[in-house]
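By numbering that gives the first Met the number 0, the letter at position 170 of the sequence shown is numbered 169, and the numbering carries on one by one without gaps. Working notes, structure below.
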Amino acid sequence: MYADLISPILDTCETPVVVVGHSFGGRVAVHLTERRPAAIGGLVLTGVPLLYRAHRREKTALRYRLGRMLNSWGLVGDSYLETLRGRYGSADYRAASGVMRDILVTVVNESYEKQLRSISAPVDLVWGDGDIATPPEIAARAEALLADARLTILGGVDHFVPSAAPAALREAIDRRLDALA
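Laid out in structure tokens, this is it:
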């Protein structure tokens with residue numbers, strides 16, 4: 000797990016630290032906080048797919064599910080299944096290959112209710128109102144699960160808060176750092 004790879008870095012830091020995570024990196028930050036709660040004095044998360052979408056599509060397209068089943072029975076080839084993946088998979092899925100596809104499928108099917116409830120460190124959630132990858136409703140629901148959280152929704156900003164609104168992100172980081180001082 001990625002958090003296990005990062006955890007030893009905390010041993011070289013003056014703790015507690017503030018951890019910042021965007022998108023997939025935020026998932027790693029949550030796992031790290033769960034493993035090393037005493038070392039984490041605050042979190043700043045942005046655009047992190049922490050929970051399932053409230054209105055997520057329940058089922059994969061029937062044609063894809065049928066193709067996958069026929070492939071597992073040896074009735075259609077891998078190239079046909081790859082064609083279906085190209086048609087029905089997300090842009091991220093189509094761009095990934097090999098083990099990265101497996102990782103993507105795993106993480107997209109994770110939800111962090113339990114982990115969020117266990118976090119005692121204060122958390123700033125900084126979200127763009129135009130984030131379609133991880134809509135603000137996910138941040139609002141995550142805020143309700145966290146013991147100490149502050150949600151900031153930024154108007155006219157998409158998924159890429161770090162590049163689209165660096166000052167707002169910096170403000171949240173400074174707030175967490177000041178709280179440690």
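Each residue gets a CB set at the ideal place from its N, CA and C atoms; glycine is no exception.
Since I believe H21 is in contact with P134 (beta carbons under 8 Å), could you give me their beta-carbon distance rounded to a whole number of angstroms?
-> Wrong, their Cβ atoms sit about 15 Å apart, outside the cutoff.
Contact under 8 Å by Cβ, L50 with R116 = Taking 8 Å as the cut-off, the beta carbon of L50 is found no closer than this to the beta carbon of R116.
Beta strand (DSSP E) runs wholly inside the segment 133-160, at least 3 long, in chain order = List check, beta strand (DSSP E) in window: 148-153.
Taking the continuous alpha helix (DSSP H) assigned at T32, which residues delimit it?
-> That run of the alpha helix (DSSP H) goes 23-34.
Would you identify the three-state DSSP class for L4, choosing helix, strand or coil?
-> Three-state result, L4: helix.
Buried or exposed for V104, please, with buried defined as at least 16 other CB atoms from any protein chain shown within 10 angstroms of its CB.
-> Exposed is the label assigned to V104, since fewer than 16 other Cβ atoms lie within 10 Å of its Cβ.
Close beta carbons around D91, own chain, < 7 Å, minus the five adjacent residues each side | So the qualifying residues of the chain are L103.
Please specify which runs of the alpha helix (DSSP H), each continuous and at least 4 residues long, are wholly inside the segment 50-98, giving them in chain order.
-> Listed in chain order, they are 61-71, 77-87, 90-94.
If you check the beta carbons only, do A171 and D123 fall under 8 Å apart?
-> Yes, these two residues count as a Cβ contact at 8 Å.
Opposite T105 in the DSSP bridges: which residues?
-> Partner(s): none; T105 has no beta bridge.
By DSSP, does D123 sit in helix, in strand, or in coil?
-> In this structure, D123 counts as strand in the three-state DSSP scheme.
Short check: CB of L153 to CB of A138, under 8 Å?
-> Result no, Cβ atoms of L153 and A138 do not sit closer than 8 Å.
Candidates A37, P36, D128, D173: closest to V156 by CA position | Of the candidates A37, P36, D128, D173, the one whose C-alpha sits nearest the C-alpha of V156 is D128.
What is the rounded straight-line gap between the Cα of L168 and the Cα of S119?
-> Going from the Cα of L168 to the Cα of S119 covers about 21 Å.
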